[in-house]
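There are 2 protein chains.
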Amino acid sequence: MSVRDRDSGKIEAVASGDGGLLTILCGGGAFPGAVAEAVQRRGRRVVLFGIRGFAEPAIVERYPHEWVYLGAAGRFLKLLRQHGSRELVLVGSVHRPRLTEIRIDWTTLRELRRYLQAERRGDDHLLSFFATELERAGYRVRGAHEVAPEILMPAGVLGRHRPGPAEEGEIRLGRQTIAALGPLDVGQSAVVVGGRVVAIEAAEGTAAMLERVAGLRASGRLHAGRRAGVLVKAPKAGQDRRIDLPAIGAETVRQAAAAGLAGIAVEGGGVIAADPQGLVRAADEAGLFVLGFEPGAGPKS
Amino acid sequence: MSVRDRDSGKIEAVASGDGGLLTILCGGGAFPGAVAEAVQRRGRRVVLFGIRGFAEPAIVERYPHEWVYLGAAGRFLKLLRQHGSRELVLVGSVHRPRLTEIRIDWTTLRELRRYLQAERRGDDHLLSFFATELERAGYRVRGAHEVAPEILMPAGVLGRHRPGPAEEGEIRLGRQTIAALGPLDVGQSAVVVGGRVVAIEAAEGTAAMLERVAGLRASGRLHAGRRAGVLVKAPKAGQDRRIDLPAIGAETVRQAAAAGLAGIAVEGGGVIAADPQGLVRAADEAGLFVLGFEPGAGPKS
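Same order as they appear, the protein sequences are chains A and B.
Under numbering that gives the first Met the number 0, the first residue of the first sequence carries the number 0, and numbering increases by one thereafter.
Under numbering that gives the first Met the number 0, the first residue of the second sequence carries the number 0, and numbering increases by one thereafter.
Pasting the structure below:
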């Protein structure tokens, strides 16, 4: 098994550093549960603050928890004080909310102008702004991957299949694409097929991009053999890794397979998965390689 | 009227340079007809070679013409000799063909290995390869915009509406995006909304990209007022302008309007339209600005 052993002592040493009760502010998806489980397994206490309308009740209610509304910063800070938690992580997806999912309180209102300036610059900036405000208030915001390194995709050939020389060239091109776009704050992933960049992710997300590639393929607009091409995913340069690392999952494997790709390449230590081992098993079964490339070895060539 | 006058003497002077009979190798869409009409209006004789399965019979048959199959290079060269034409343009769309649309003949077969190498690198390379082969055989391949400058979108504010300061910033960001991707041979257009790059065109084409933006908007995943954001389109750096300039049309205006954009910005003299004046009229009516930006004034800032 090439995915790092979850119970490895080395990881434990890196990841513990007890900061007392850890607050996990939970958006949607499986990540909050994966992080909570990993942190608790290390013997650290957690409290989950589920964001109403986004977090999965079935996950949140498995742990000591509270429910909070997006926008209600005053209540959120009061709950943090009540629980006596000084350290927190922000994890899970928060798509642009519907208005009914937001409760603006006085604390938020005071900050609203600056909040809206950040909001205009996109989700990353909004979360980054929120994290910075929390730190100004004396809290420590940690990356989910710092408290639960189990969720990081490691470097190396992670499954049974491996990229050939053509795919290695495609991975290079995909990395160059992501690197070129990083300064413009766009492009968390790209698909390269037949030596060409055929899709670049912007606001639509990875899933929609892979669906598009599947469509191009079905319509005959991409000529390529069965199982050709690579999904490449890496953090943008300068991305605030505390609050936003690119994520993949077993669903990504299924979508990459449906798009006819030969494999998936991610930056080792720079992309998260709720269950890296399960993801690799799914890829093994689907016949796709999963490669974690070294972040150091620059994509230029 | 801000679109350049079709009968301007200046354009005439640039564009004539009689090379005798001009062969127009015609793919799909309205461009072959627009080019044939403009060239004939200058008093130059044309013959249209329609590519079967792609060119519109209604356009091709309006002029002296031949029908050719994709892949039948031998017959194509023979027809060029028979007509005594030494100069040609390649114009119109040729999507990846179905096999029934191809007739590989002996001349093509001899070149097949090199052809396939070019084919692997994408449509641009394939056409560029074809143009280079023709030039090796003693023919002159000219850009459609050279023989028919009427199809070039000019520089300046082209219609009744003009971009505001926010849109000017978005145009800059779109240009930076296209410039960053050029060396990687991808990204002929991008959409910027609310100061963020929300979509980048790769193999799917401009129409599919704009449809995606319309979908993101409809699903509430892009927050922006009515009529916000810009489609930015420009040639890639190093693009072979003889055989492939980015194109827009009245349909692009309709799609940009459906995506809720405020306007369209193209590189002046670097993007073609079968009917630039009609396009600007359509934008005027739809409430969109159309800007041709100066290619010289670099997008960096």
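For glycine and all other residues, C-beta sits at the position ideal for the given N, C-alpha and C.
These numbers were taken from a predicted model, which means no experiment stands behind them.
Could you work out which residues of chain B lie near residue i, taking near to mean beta carbons separated by less than 7 Å?
i, result
"A/Gln175", "Leu183"
"A/Leu221", "Ala202"
"A/Val197", "Ala201, Ala202"
"A/Ala179", "Ala179, Leu180, Leu183"
Quick check on residue i: does DSSP put it in helix, strand or coil?
i, result
"B/Arg280", "helix"
"A/Gly49", "strand"
"A/Ser92", "strand"
"B/Ile242", "coil"
"B/Lys235", "coil"
"A/Asp6", "Low confidence applies here, because A/Asp6 scores a pLDDT of 39, under 50, leaving its location unreliable and the question unanswered by this model."
"A/Gly168", "helix"
"B/Leu76", "helix"
"B/Glu363", "Residue 363 of chain B lies beyond the residue range present for chain B, which begins at 0 and ends at 300; the question has no answer from this structure."
"A/His64", "strand"
"B/Val185", "coil"
"A/Gly267", "coil"
"A/Arg220", "coil"
"B/Leu20", "coil"
"B/Arg44", "coil"
"A/Gly173", "helix"
"B/Ser300", "Annotation note: pLDDT 44 at B/Ser300 (below 50); position unreliable, coordinate value reported separately. Looking at B/Ser300 - three-state DSSP - the assignment turns out to be coil, as it is neither helix nor strand."
"B/Gly83", "coil"
"B/Leu126", "helix"
"B/Ala179", "helix"
"B/Leu290", "strand"
"A/Ala307", "This structure gives no information on residue 307 of chain A, because the portion of chain A shown stretches from 0 to 300."
"B/Gly155", "strand"
"B/Ala227", "coil"
"A/Arg135", "helix"
"B/Gly27", "strand"
"B/Ala71", "coil"
"B/Arg141", "coil"
"B/Ala54", "coil"
"A/Ala198", "strand"
"B/Ala285", "helix"
"A/Ala37", "helix"
"A/Ala273", "coil"
Taking the Cβ atom as the reference point for each residue, do residue i and residue j lie within a distance shorter than 9 Å?
i, j, result
"A/Thr22", "A/Ser92", "no"
"A/Leu151", "A/Val270", "yes"
"A/Asp239", "A/Ala130", "yes"
"A/Gly248", "A/Asp274", "yes"
"A/Ala202", "B/Val197", "yes"
"A/Val46", "A/His64", "yes"
"B/Gly18", "B/Ala54", "no"
"A/Ala264", "A/Glu166", "yes"
"B/Leu69", "B/Tyr138", "no"
"B/Ala257", "B/Glu210", "yes"
"B/Gly186", "B/Gly168", "no"
"B/Gly286", "B/Arg226", "yes"
"A/Ala246", "A/Gly181", "no"
"B/Ile170", "B/Leu290", "yes"
"A/Gly262", "A/Ala255", "yes"
"B/Thr205", "B/Ser188", "yes"
"A/Gln175", "B/Leu183", "yes"
"B/Leu24", "B/Ile58", "no"
Would you mind giving the Cβ-Cβ distance between residue i and residue j, rounded to the nearest angstrom? I have them listed as a contact below 8 Å.
i, j, result
"A/Leu172", "A/Val190", "So it is not a contact: roughly 10 Å between Cβ atoms."
"A/Glu266", "A/Pro294", "5 Å"
"B/Arg241", "B/Val90", "With 8 Å as the limit, B/Arg241 and B/Val90 do not qualify as a contact, their Cβ atoms being about 10 Å apart."
"B/Arg161", "B/Phe288", "5 Å"
"A/Val67", "A/Leu78", "7 Å"
"B/Leu302", "B/Val279", "Residue 302 of chain B lies beyond the range of chain B shown here (0 to 300); nothing can be said about it."
"A/Ala143", "A/Phe30", "7 Å"
"B/Val146", "B/Val34", "7 Å"
"B/Ala179", "A/Ala179", "4 Å"
"A/Pro153", "A/Gly32", "Going by Cβ atoms, the distance from A/Pro153 to A/Gly32 rounds to 21 Å, so no, they are not a contact pair."
"A/Ala281", "A/Val252", "4 Å"
Residues of chain A with CB under 7 Å from residue i, in chain order?
i, result
"B/Ala47", "One point to set straight first is that residue 47 of chain B is Leu, not Ala, in the sequence displayed. Here the premise fails: no neighbours, minimum Cβ distance about 26 Å."
"B/Arg301", "Because chain B here runs from 0 to 300, residue 301 of chain B falls outside it and cannot be looked at."
"B/Leu315", "Within the shown structure, residues of chain B are numbered from 0 to 300, placing residue 315 of chain B beyond reach of any answer."
Which residues of chain A have a Cβ atom closer than 8 Å to the Cβ of residue i, listed in chain order?
i, result
"B/Leu172", "Leu183"
Compare the C-beta of residue i against all C-beta atoms of chain E and say whether one is closer than 9 Å.
i, result
"A/Ala207", "No chain E is present in this structure, whose protein chains are A and B."
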